[in-house]
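A.B. asks: Mapping to the numbering used here: the sequence shown position 57 is 72, numbers consecutive. Backbone N, C-alpha and C define an ideal beta-carbon position, used for all residues, glycine too.
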Amino acid sequence: MAAKLAQEFGVSKSARVVGKPRSNELFVVLPKSLVASAREKGAVFYSWSIPEGLEVADTEQLCRFVTSFATTEEELGQLSALLQ
């Protein structure tokens, strides 16, 4: 499901996928304003420390998304809609 989530973020103009999806995890750079808005609407994901060598603007946040065997395509669509 992380690969499908990466596809969702891949079409977003405001998201930048970092690396390739690994099993159930995906790292994405998002505008801080979008992070706040999505969380206010109920999205759950993690803020992550910025590794050395990754350039992230002061207005952006590195986020970690985790899927599971129980994550549905409908849930991915809902998350994608929140992050537009």
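Return yes when the Cβ of Leu97 is within less than 9 Å of the Cβ of Ser52, no when it is not.
C.D. replies: The answer is yes: Cβ separation under 9 Å.
A.B. asks: Where do the ends of the beta strand (DSSP E) carrying Leu77 lie?
C.D. replies: Glu75 to Val81
A.B. asks: Going along the chain, which residues of its own chain have a beta-carbon closer than 6 Å to the beta-carbon of Met16, five neighbours each way excluded?
C.D. replies: For Met16, the CB contacts under 6 Å within the same chain, skipping 5 residues up- and downstream, are Thr82 and Thr86 in chain order.
A.B. asks: Please list the segments of the beta strand (DSSP E) lying wholly inside the stretch 21–87, counting only runs of 3 or more residues, in order along the chain.
C.D. replies: List check, beta strand (DSSP E) in window: 31–37, 40–46 and 75–81.
A.B. asks: Between Trp63 and Arg79, which are expected to be in contact by the criterion C-beta below 8 Å, what is the C-beta distance as a whole number of angstroms?
C.D. replies: 4 Å
A.B. asks: When DSSP labels each residue in this structure, what does Gln93 get in the three-state scheme?
C.D. replies: Gln93 falls in the helix class under three-state DSSP.
A.B. asks: Compute the Euclidean distance between the alpha carbons of Glu23 and Val50, then round it to the nearest angstrom.
C.D. replies: When rounded, the distance between both Cα atoms is 16 Å.
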